[in-house]
Every structure is written in structure tokens, then in C-alpha cells.
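Below: one structure, written as C-alpha cells.
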């Protein structure tokens, strides 16, 4: 796991975060449910909660699909290439490429030759950035930078869990199990926060 | 475009090469190494600049396979658990053209992916033993 330089995280007095979708995207409930499931992956292991609200302008986390240059200096590039990006805490900006062919449910592995991308896989990854994780070299981890079309990866690896729990601690109800195992990959950037094993 | 599930995708979406990623042009650079000058290398430098592997961004990158590009490739190979050859071998190119997150791997010259770790740290881990209790 890795953190952004300076190890930014959401402040300790903001454990209950809100999120909202860009109104102009007019997303269906099915699409919104994908993000809800993605947030649950993280809230299961840390003591943060995520609640959808209607007000995009006041939400802590603002989710939007954009095409090409959308004003943040990081333009999207059409089908495939870069799929999404998100900013470190406490920015809350979470952008996805509106040109992609997003699949929102079911097994996607039978379609590896297409340009289809599993939305939940990307959502879980980007939420990791929103919470303060950088990219990891552990291939099984959610925070690995690449994902092939026709691939679904939505379960946090032990590498992801260890990293995010250094930032926020453990959810008291988390039983410590994870679906995949991986090796702890890294130290932090000049971070005085102790590593607890 | 949103598809409820895989079976709702029209057949023409599964035909290869209907829509190609802009990064597929890097396939033409297979086997390139230091000292080469080939069309398209400047775009590859832009790619590595975008993700933090080449820190400086001149107005226009050249098509020269220079030391900066070789260093960037080695760092990239280390981060993605590939053989550190500094050359554009097939495994490296196949990794480069995969769809990915737009966030940089190296931010302000700093990373804690593989390339940001010291050898002493890895050595310590490699020889650290635990016993179940």
C-alpha cells in the first residue's frame, strides 16, 4: 500500500462522509447502487460511513462522469486509456470517463475481448484514492493501477486493508478476514504515524 | 454508456479493433532500446510524464530513446513487478497499454510502490520470521 505525499486523510471529526452524484449525469438507481456497494467495501474495514445525499455542492465526495477536458487539468482520453481519477483527501473529487463502456452488474469475464469495463471495480479503486491511498505494486490489491477489460476485482486485499487501517483504524465490527492475501508492500512517505502490526 | 450486464452488450462491441485505445500505438515500439530514434517515442514520453515517471515536461518531447526514458522504463518495470531491462520488451508494452487509473504512480517524485522502497527495507522483510502463538 501507499499514501499520497504528506499522508493526507479525512480529519478525525469527519467519520460520517456524504457523497452525491453530478446532477447532469442523470444516473439510474442501478448505477448509483454500484457506488453504494463500493463504499461498503471500505466502510466494512474502517470506522467511516458513507451516505448518499442529493446536494452535489455540499457533499464531501462528489462523483461525476466527464468527457475529455473537464476543467481539472486531467482530461480524459476516450475509450480505454485512463478510466477515472480521484483526488486525495479532503478534496472529495471523484471523476470517471464518460466515454467508457461501463458494465454495472454480473460476471464480466466472458467479455475480455471487448472494451467493457466493470464499474464497481473502478469505483472501489477510486474510493481508495478519495480516502488517501496511493497506488500499490501488489497485483492482487484494489489499489494496483491497471485493470484489464473483462476483469472484475472488487474485494479488498490484505494490502489495501492494512493501508487504510493505518489511516483510520479498524471498524470495531470488522472480523479481520479478507478475501485475498498479499504481501505488505511499502513504508510511508516521511510519515510519523506508527505502523501497527 | 452503461450496460446492465454483459449479455446486454451489442455484438459489435466484442469485435476486436473496433475501438482501439490511443495507447495501442505503443505496440509499434516493441524492442526499442536506448539510442533509437523512432516515431511515437515522444508520445510514450508523454505517457510516462503523465504518470510521474519523467518528472520534467518540456514543451515537446523528442523521439529519441534517451537516458530519461530508459530510467523511466526501469522504474515502471520495478513498480509493476517486471524484469528491469530498461527496454520496451513485450511484457512491458502489454502492461503499458492496459486501461488504468489516471492518478500518477509517482507524485512529486515520491512513491511507495516498489521503486520507492530501499533495498535494506526489503532485505529486512525477507529475513523476518514470525511464529504463531
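Residue numbers (our numbering), protein chains in the order written: chain Y, 73 to 269; chain P, 107 to 239. All residues carry an ideal CB built from backbone N, CA and C; glycine is no exception.
Endpoints, alpha helix (DSSP H) assigned at residue i
{"i": "residue 307 of chain Y", "result": "The shown model of chain Y, from 73 to 269, leaves out residue 307 of chain Y, and the question about it has no answer."}
{"i": "residue 114 of chain Y", "result": "101–115"}
{"i": "residue 156 of chain P", "result": "147–156"}
Element boundaries [beta strand (DSSP E), containing residue i]
{"i": "residue 90 of chain Y", "result": "88–93"}
{"i": "residue 207 of chain Y", "result": "Looking at the DSSP string, residue 207 of chain Y is not in any beta strand (DSSP E), and its letter there is neither H nor E."}
{"i": "residue 173 of chain P", "result": "Counting along the chain, residue 173 of chain P falls outside any beta strand (DSSP E), though it belongs to the alpha helix (DSSP H) covering 173–185."}
{"i": "residue 158 of chain Y", "result": "156–158"}
{"i": "residue 169 of chain Y", "result": "165–169"}
{"i": "residue 174 of chain Y", "result": "173–175"}
{"i": "residue 309 of chain Y", "result": "One cannot answer for residue 309 of chain Y here, as it falls past the ends of chain Y, which runs 73 to 269."}
{"i": "residue 122 of chain Y", "result": "121–124"}
{"i": "residue 189 of chain Y", "result": "188–190"}
Chain Y contact residues for residue i, given Cβ-Cβ distances below 8 Å
{"i": "residue 162 of chain P", "result": "Neighbours of residue 162 of chain P on chain Y: none; closest Cβ ~17 Å, over 8 Å."}
{"i": "residue 107 of chain P", "result": "172, 173, 174"}
{"i": "residue 51 of chain P", "result": "For chain P, the structure presents residues 107 to 239; residue 51 of chain P sits outside this window and is missing."}
{"i": "residue 115 of chain P", "result": "173, 175, 183, 186, 188"}
Listed by chain order, chain Y residues near residue i by CB distance under 9 Å
{"i": "residue 147 of chain P", "result": "Here the premise fails: no neighbours, minimum Cβ distance about 18 Å."}
{"i": "residue 127 of chain P", "result": "149, 150, 151, 152, 153, 187"}
{"i": "residue 144 of chain P", "result": "Here the premise fails: no neighbours, minimum Cβ distance about 21 Å."}
Residue i beta carbon near the ligand FMN (any heavy atom closer than 7 Å)
{"i": "residue 93 of chain Y", "result": "In the structure on display, the ligand FMN does not appear, and there are no ligands present to speak of."}
Partner residues on chain P for residue i, Cβ-Cβ distance less than 8 Å
{"i": "residue 197 of chain Y", "result": "207"}
{"i": "residue 157 of chain Y", "result": "207, 208, 209"}
{"i": "residue 74 of chain Y", "result": "217, 218, 219, 222"}
Beta-carbon neighbours of residue i, restricted to chain P and to distances below 7 Å
{"i": "residue 146 of chain Y", "result": "208"}
7 Å Cβ cut-off: residues of chain Y touching residue i
{"i": "residue 111 of chain P", "result": "175, 177, 178"}
Proximal chain P residues relative to residue i, where beta-carbon distance stays under 9 Å
{"i": "residue 32 of chain Y", "result": "Given that chain Y is displayed from residue 73 to residue 269, the structure contains no residue 32 of chain Y and the question cannot be resolved."}
Review point. If you measure beta-carbon to beta-carbon, which residues of the region 196–207 of chain P are closer than 8 Å to chain Y?
Key: Closer than 8 Å at the C-beta level to chain Y, one finds these residues of the region 196–207 of chain P: 201, 204, 205, 206, 207.
Point to revise | Contained alpha helix (DSSP H) runs [length at least 4] in the region 190–228 of chain P, N- to C-terminal order | key: 196–202
Point to revise | Residues within the region 96–122 of chain Y neighbouring chain P, beta-carbon criterion of under 7 Å | key: From the region 96–122 of chain Y, only 102, 103 have a Cβ closer than 7 Å to chain P.
Review point. Are the region 202–219 of chain Y and the region 242–249 of chain Y touching by the rule of at least three beta carbon pairs closer than 8 Å?
Key: no
Review point. Using 8 Å as the threshold, is the region 142–149 of chain Y in touch with the region 84–104 of chain Y, meaning 3 or more CB pairs across them?
Key: no
Check your understanding: Using a Cβ cut-off of 8 Å, which residues of the region 202–218 of chain Y contact any Cβ in chain P, in chain order?
Key -> 206, 207, 208, 209, 211, 217, 218
Review point. Taking three-plus beta-carbon pairs below 8 Å as touching, is the region 104–124 of chain Y in contact with the region 155–165 of chain Y?
Key: no
**Study point:** Short-range partners of chain Y found in the region 158–192 of chain P, where Cβ spacing is below 9 Å
**Key:** 184, 185, 186, 187
Exercise for review: Anything in the region 231–247 of chain Y with a Cβ closer than 9 Å to a Cβ of chain P? List those residues in chain order, please.
Suggested key: none
**Study point:** the region 127–143 of chain Y touching the region 90–101 of chain Y, judged by at least three CB pairs closer than 8 Å
**Key:** Short answer: they touch.
Check your understanding: If you pair each beta-carbon of the region 135–153 of chain P with each one of the region 164–175 of chain P, do three or more pairs fall below 8 Å?
Key -> Because the criterion of three Cβ pairs below 8 Å is met, the region 135–153 of chain P and the region 164–175 of chain P touch.
Practice item. Decide yes or no for the touch test of the region 75–85 of chain Y against the region 108–117 of chain Y: beta carbon pairs closer than 8 Å, at least 3 of them. Key: no
Review point. Should the region 181–201 of chain Y be regarded as contacting the region 183–201 of chain P, the criterion being three or more beta carbon pairs within less than 8 Å?
Key: no
Check your understanding: Does the region 185–196 of chain P touch the region 133–142 of chain Y, meaning 3 or more C-beta pairs lie closer than 8 Å?
Key -> no
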